[in-house]
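Undergrad: Start counting the sequence shown at 7; every next residue gets the next number (this note's numbering). C-beta: ideal position from N, C-alpha, C; glycine also. Here the structure is a predicted model, which means the values were calculated and not measured.
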Amino acid sequence: MKFFLATIVSFFSSIAICQKVDIEFKIENQNSLIEYLDKKKVDYTLDDVAILKDIKVFGDYGKTERLVVPEAYFFNKEGFLIKNKKKGISCGATIKDLSKILKSKYDSNQKITTWMNDFKILGKNDLLSEDYDIYILINWAIFLDSNNEISFNWYKSLKSNKDLKIKVILINLDVQESWNLTEGQKIFLGV
Numbered sequence: 007m008k009f010f011l012a013t014i015v016s017f018f019s020s021i022a023i024c025q026k027v028d029i030e031f032k033i034e035n036q037n038s039l040i041e042y043l044d045k046k047k048v049d050y051t052l053d054d055v056a057i058l059k060d061i062k063v064f065g066d067y068g069k070t071e072r073l074v075v076p077e078a079y080f081f082n083k084e085g086f087l088i089k090n091k092k093k094g095i096s097c098g099a100t101i102k103d104l105s106k107i108l109k110s111k112y113d114s115n116q117k118i119t120t121w122m123n124d125f126k127i128l129g130k131n132d133l134l135s136e137d138y139d140i141y142i143l144i145n146w147a148i149f150l151d152s153n154n155e156i157s158f159n160w161y162k163s164l165k166s167n168k169d170l171k172i173k174v175i176l177i178n179l180d181v182q183e184s185w186n187l188t189e190g191q192k193i194f195l196g197v
């Protein structure tokens, strides 16, 4: 429980990096995510939508300041994380000039296949079935509704790019019904 508390405190701190927001968690599921994306008029496929695998991953994301919306992580053709001062693109930045991003240094210790172990794709997981010029993971969360528009605009822009073969995955950061939280975890999160 001490680990979990530290993780949540770290999570709230990471959200505060971009702006002051009030967090109210709610337990979500695939249907509520689809309903939300449809309501926001996001043109997506389930093959491009993923959730965090479990509460441990949620905690790890909080500790490593990756529970941030908007945020994007880029991986090169070989699947290595492209370095950007150990962070993704966040807090309202625009994603432009992908060819310049592709020429950036990368971290050979951070592979997309390892990152994908933390997620469950809602559709077909075809990540490794094709070769892409760049892989991009974009965070979003219903509990951070006001921050999602930038993430969804990035997704739309990247999906319409015809110059490069791009795989974009929208990573949902919400608490999930499939995690089967204990009563203690639910009380702590306020859900």
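#1: Could you give the distance in angstroms between the alpha-carbon of Leu-133 and the alpha-carbon of Asn-159?
#2: With H, G and I counted as helix, E and B as strand and the rest as coil, what does DSSP make of Asp-53?
#3: Locate the beta strand (DSSP E) running through Lys-173, then write down its first and last residues.
#4: If you compare alpha carbons, which of Pro-76, Asp-66, Tyr-67 is closest to Leu-150?
#5: Mark Thr-188 as exposed unless 16 or more other C-beta atoms lie within 10 angstroms of its C-beta, in which case mark it buried.
#6: Contact between the segment 122–133 and the segment 46–59: three or more CB pairs below 8 Å?
#7: Between which two residues does the alpha helix (DSSP H) holding Gln-191 run?
#8: Tell me the rounded alpha-carbon separation between Asn-197 and Asp-169.
#9: According to DSSP, Ile-142 sits in a beta bridge with which residue or residues?
#10: Quick one, are the C-beta atoms of Ile-140 and Phe-194 less than 9 Å apart?
#11: From Glu-183 to Ile-33, what does the alpha carbon distance come to, in whole angstroms?
#12: For Gly-65, does the count of other Cβ atoms within 10 angstroms reach 16, so buried, or fall short, so exposed?
#13: Between Phe-86 and Asp-113, how many whole angstroms is the CB-CB distance? I'm expecting something under 8 Å.
#14: CB-CB under 6 Å to Gln-36, same chain, minus the five flanking residues each way: which ones, in chain order?
#15: So, are the CB atoms of Ala-56 and Ser-157 less than 9 Å apart?
TA: Looking at the atomic coordinates:
#1: The sequence position of residue 133 within the sequence shown is 127, counting from 1. The sequence position of residue 159 within the sequence shown is 153, counting from 1. Spanning the two alpha carbons is a distance of roughly 22 Å.
#2: The residue given as residue 53 occupies position 47 in the sequence shown. Residue state, collapsed to three classes: helix.
#3: Along the sequence shown, one-based indexing puts residue 173 at 167. Counting along the chain, the beta strand (DSSP E) containing Lys-173 begins and ends at 172–178.
#4: As a first step, residue 150 is located in the sequence shown; it is residue number 144 there, counting from the start. Here the closest residue by C-alpha is Pro-76.
#5: Within the sequence shown, numbered from 1, the residue matching residue 188 stands at position 182. So Thr-188 counts as exposed.
#6: yes
#7: Walking along the sequence shown from the start, residue 191 turns up at place 185. That run of the alpha helix (DSSP H) goes 189–195.
#8: Here residue 197 is taken as the residue at index 191 of the sequence shown, counted from 1. Here residue 169 is taken as the residue at index 163 of the sequence shown, counted from 1. Note that residue 197 is Val in the sequence shown here, rather than Asn. Val-197 and Asp-169: Cα-Cα distance of roughly 44 Å.
#9: As a first step, residue 142 must be located in the sequence shown, where it is residue number 136. For Ile-142, which the question treats as bridged, DSSP gives the partners Phe-80, Val-174.
#10: Sequence index remark: in the sequence shown, residue 140 carries index 134 (1-based). Sequence index remark: in the sequence shown, residue 194 carries index 188 (1-based). Not in contact: Ile-140 and Phe-194 (Cβ atoms no closer than 9 Å).
#11: For the purposes of this step, residue 183 is taken as the residue at position 177 of the sequence shown. For the purposes of this step, residue 33 is taken as the residue at position 27 of the sequence shown. Each residue's alpha carbon lies about 6 Å from the other.
#12: On the sequence shown, position 59 is the one that residue 65 refers to. Result: buried.
#13: Counting from 1 along the sequence shown, the entry for residue 86 is found at position 80. Counting from 1 along the sequence shown, the entry for residue 113 is found at position 107. With a Cβ gap of about 6 Å, Phe-86 and Asp-113 count as contacting.
#14: In the sequence shown, the residue the question calls residue 36 occupies position 30. Contacts found: Leu-128.
#15: By 1-based counting over the sequence shown, the position of residue 56 is 50. By 1-based counting over the sequence shown, the position of residue 157 is 151. Result no, Cβ atoms of Ala-56 and Ser-157 do not sit closer than 9 Å.
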